[in-house]
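Numbering (full-length UniProt numbering), first residue to last: 1 to 821. Ideal Cβ positions, reconstructed from N, Cα and C, are used throughout, including at glycine. All values derive from a computational prediction rather than experimental measurement. Below: one structure, written as structure tokens.
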């Protein structure tokens with residue numbers, strides 16, 4: 001029997017207009033009526049604006065001037081539109097634009113539109129909190145809304161109506177207690193969107209689903225019991241087939257080397273294999289199939305860690321029921337106690353209250369409590385810092401036994417595979433974390449491990465906090481001598497800080513710390529013990545500053561002069577060091593630098609790359625001798641020409657400031673692009689770029705090393721500068737000193753080979769499978785002006801199609817390559 005309760009009628013509206021400004025005129029309208037969760041009527045018409053459309057609107061909507069000449073003017077259809085909308089609730093995606101424009105047009109025809117307004121953007125953000133973008137196109141993709149012709153009014157209105165129905169269904173699926181809490185905060189929504197929620201409250205069940213549990217007023221998803229894992233076949237090809245993948249010869253050859261070394265008596269195995277062969281499955285499947293031991297995989301970045309969990313990890317869990325856990329620092333996870341406390345207080349900030357509602361919905365879905373699932377959190381990071389976990393949980397906690405961080409650590413103990421990153425792995429080895437015990441270890445992209453270890457071999461003290469402690473100690477000291485010693489410590493630190501801030505003197509000579517060391521030795525104050533140890537243990541010292549919101553925080557940092565012997569830190573277990581680049585040069589290997597003496601080294605043969613072309617233009621201007629502004633202007637000019645080829649363009653920088661300068665100039669030239677450090681998180685930018693929302697992506701850092709672009713069939717990659725390490729970098733200086741002591745040439749035996757390795761890795765980002773074609777354009781004149789340039793060209797000619805050509809020929813050669821392959 002049908003429910004007879006009265007329900008809201010929603011008029012879902014989409015307009016196409018001559019522009020987005022105050023003088024915009026409606027050229028098309030689509031209206032869809034929704035009642036009782038069903039579409040009951042619709043209406044669509046073109047409208048003659050009596051003016052010509054600009055090219056942007058024609059291209060966006062597909063509407064032509066000829067089409068609109070045949071259409072009625074707004075006055076002829078205003079009555080029909082008002083009759084449909086007047087007594088309904090006005091709904092639109094970004095309701096402000098549509099409602100204001102339509103209300104104004106109706107007003108001039110004698111109709112006053114006073115309906116309440118509902119915005120499906122803010123409702124979608126609330127009830128689908130893990131999406132990274134809330135455009136109608138993106139939501140249509142995620143929720144199967146059937147958006148056939150985007151930017152056609154009736155098509156957009158129908159998709160928005162289906163979105164409204166999906167939102168209603170989602171609300172009805174939530175427990176009554178969650179919806180009640182949301183309604184307590186719903187006045188913080190910008191429009192009258194709460195009307196959609198209010199209408200559905202009578203339909204909600206008082207009891208909650210068996211998959212959920214209410215804990216002190218928060219509704220959480222019950223942990224899913226792990227299913228017994230399947231035994232993998234000892235045949236690699238069988239496992240690949242079960243995963244629904246095609247066997248690749250190079251990947252199988254790599255897996256066979258892993259199998260062979262697993263049975264080897266030696267403990268440490270270095271395996272070098274070409275990028276793009278699918279190394280992750282290549283080591284995971286044989287190690288899981290042929291060993292009962294649990295496995296720990298460490299990768300260079302949290303981004304790569306996320307990528308493996310999302311890709312290979314989810315497949316292994318789905319097909320083989322392999323238990324996996326991703327280990328990262330507690331601050332990535334929600335602390336339920338902290339979130340619960342924020343619910344108990346009244347906040348004036350509308351955005352904070354909107355996020356409280358989002359988190360209430362998200363907690364009914366998440367099994368991990370990982371805040372990285374909430375892609376919008378950077379809009380108000382301060383609130384998420386407040387509810388992030390600090391790694392501590394008191395037994396008196398309201399959520400003891402339900403805490404996500406606590407649960408992750410318990411789950412990790414019994415997980416067959418742990419995925420973590422180099423920094424986390426090394427810091428926990430230092431702490432002798434039992435999670436790291438008795439596991440096979442895979443160090444993926446092992447060439448990054450050395451730098452991560454060096455970062456760990458440094459220590460720092462926050463000067464601001466130290467100066468406050470010293471002031472407090474001085475004020476409370478009974479003895480005059482102690483007062484003088486605390487005062488002297490303050491003076492010494494302030495002197496170093498002033499010298500740094502006024503004159504930029506970052507480095508601190510050991511003798512400049514002599515008085516401070518003597519004072520600390522006399523004081524023997526336990527609260528200053530960390531500072532005393534830092535001064536005693538390290539050889540080199542310098543100052544650094546970080547900006548946190550509007551505060552400047554200064555740090556005193558210390559480092560050892562000699563290279564860290566990483567091998568001594570690693571557990572006594574079988575270790576696989578995997579990379580596309582293990583041999584640095586004839587005289588230097590990664591195994592030596594890490595401190596390993598007995599290892600096996602397998603170098604898998606490389607194959608010629610036929611689906612990628614490297615271009616090294618010969619007559620480039622000497623951009624490196626000019627200013628940064630001139631370099632940026634040259635790059636923007638070059639990108640403008642390359643963009644005309646219509647292919648996606650990944651642009652890699654070695655300097656953040658140059659990247660931002662290029663981004664500003666692209667904006668000035670109205671060239672759409674995505675820029676790291678400016679337009680959002682790395683993974684969000686990557687997804688937008690891969691979905692084709694923007695043709696140009698500017699990146700640095702992780703985009704050189706570990707972010708794969710596999711979904712575009714054709715790509716252009718632009719290298720703005722050869723990726724040499726900064727010679728002033730402390731780690732580089734340390735390596736150079738180490739090599740000189742061994743009678744080696746730091747530039748030719750290390751810096752140059754490392755640059756070529758980094759460049760090769762970057763090139764591999766856009767060559768992830770056989771059907772992907774890409775061109776790499778290196779815009780650095782040094783290839784043809786420096787003595788080492790020929791060595792670089794010879795290095796790449798062994799595997800790649802390499803061309804040197806006049807700069808004017810670039811566009812033609814790129815076009816030819818894509819047309820021929």
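Close beta carbons around residue i, own chain, < 7 angstroms, minus the five adjacent residues each side
i           : result
residue 37  : 165 and 168
residue 8   : 89, 195 and 199
residue 319 : 242 and 243
residue 528 : 520
residue 579 : 272, 445, 446 and 447
residue 3   : Its pLDDT being 46, under 50, residue 3 is placed unreliably by the model, and the measurement read from it follows with that caveat. Counting only Cβ-Cβ distances below 7 angstroms, and skipping sequence neighbours, we find nothing.
residue 229 : 320, 321, 322, 323 and 416
Beta-carbon gap between residue i and residue j smaller than 7 angstroms
i           : j           : result
residue 157 : residue 30  : yes
residue 222 : residue 211 : yes
residue 116 : residue 192 : yes
residue 120 : residue 163 : yes
residue 690 : residue 711 : yes
residue 323 : residue 415 : yes
residue 227 : residue 321 : yes
residue 13  : residue 83  : no
residue 101 : residue 124 : no
residue 74  : residue 44  : no
residue 269 : residue 335 : no
residue 766 : residue 709 : yes
residue 290 : residue 262 : yes
residue 700 : residue 779 : no
Same chain, Cβ closer than 8 angstroms to residue i, five either side skipped, listed in chain order
i           : result
residue 412 : 325, 327, 418 and 435
residue 305 : 299, 326, 328, 419, 420 and 421
residue 618 : 784, 804, 805, 806 and 807
residue 811 : 641, 642, 644 and 645
residue 1   : Only weak support is given to the placement of residue 1: the predicted model assigns it a pLDDT of 37, under 50, and the value that follows is read from those uncertain coordinates. Excluding sequence neighbours, residue 1 sits near nothing in its chain.
residue 569 : 426, 429, 430 and 453
residue 510 : 539 and 541
Endpoints, alpha helix (DSSP H) assigned at residue i
i           : result
residue 142 : 136-143
residue 122 : 120-127
residue 661 : 656-668
residue 162 : 153-173
residue 65  : 65-69
residue 687 : 682-690
residue 214 : Careful: residue 214 lies outside any alpha helix (DSSP H), inside the beta strand (DSSP E) at 212-215.
Contacting residues, own chain, Cβ-Cβ under 6 angstroms from residue i (five flanking each side not counted)
i           : result
residue 776 : 614, 717 and 763
residue 822 : Not covered by the structure: residue 822. The range shown for the chain is 1 to 821.
residue 251 : 277, 278 and 282
residue 52  : 65
residue 42  : 32
residue 545 : 552 and 554
residue 5   : Reliability fails at residue 5, whose pLDDT of 48 lies under 50, so the model's placement of it is uncertain and no value is given.
residue 577 : 270, 443 and 446
residue 60  : 151
Whole-Å CB distance - residue i paired with residue j, under 8 angstroms assumed
i           : j           : result
residue 620 : residue 723 : Not a contact, Cβ separation roughly 17 angstroms.
residue 216 : residue 398 : 5 angstroms
residue 725 : residue 739 : Incorrect: roughly 13 angstroms between the Cβ atoms, too far for contact.
residue 132 : residue 302 : About 16 angstroms; that fails the 8 angstroms criterion.
residue 463 : residue 486 : Not quite, the Cβ-Cβ distance comes to about 15 angstroms (not below 8 angstroms), so this is no contact.
residue 556 : residue 461 : 5 angstroms
residue 826 : residue 474 : The structure shown has nothing for residue 826, since the chain only spans 1 to 821.
Extent of the continuous beta strand (DSSP E) run through residue i
i           : result
residue 822 : With the chain covering 1 to 821 only, the question about residue 822 has no answer from this structure.
residue 774 : 773-778
residue 90  : 89-92
residue 27  : 26-35
residue 804 : 801-805
residue 42  : 38-46
residue 600 : 600-603
Cutoff 7 angstroms: residue i Cβ touching any chain D Cβ
i          : result
residue 58 : The chain labelled as chain D is not found in the depicted structure, where only one protein chain is given.
Check: residue i C-beta below 6 angstroms from any heavy atom of the ligand FAD
i           : result
residue 400 : Summarising the ligand content, the structure contains no ligands, and the ligand FAD is consequently not present.
message: Which runs of the beta strand (DSSP E) at least 3 residues long sit entirely within the region 421-496? Give them in chain order.
response: 440-444 and 458-462
task: Within the region 262-313, note down every full beta strand (DSSP E) run reaching 3 residues or more, in order along the chain.
output: 268-272 and 295-299
query: Which ranges would you report for the alpha helix (DSSP H) in the region 522-592 if only whole runs of at least 4 residues count?
result: 529-537
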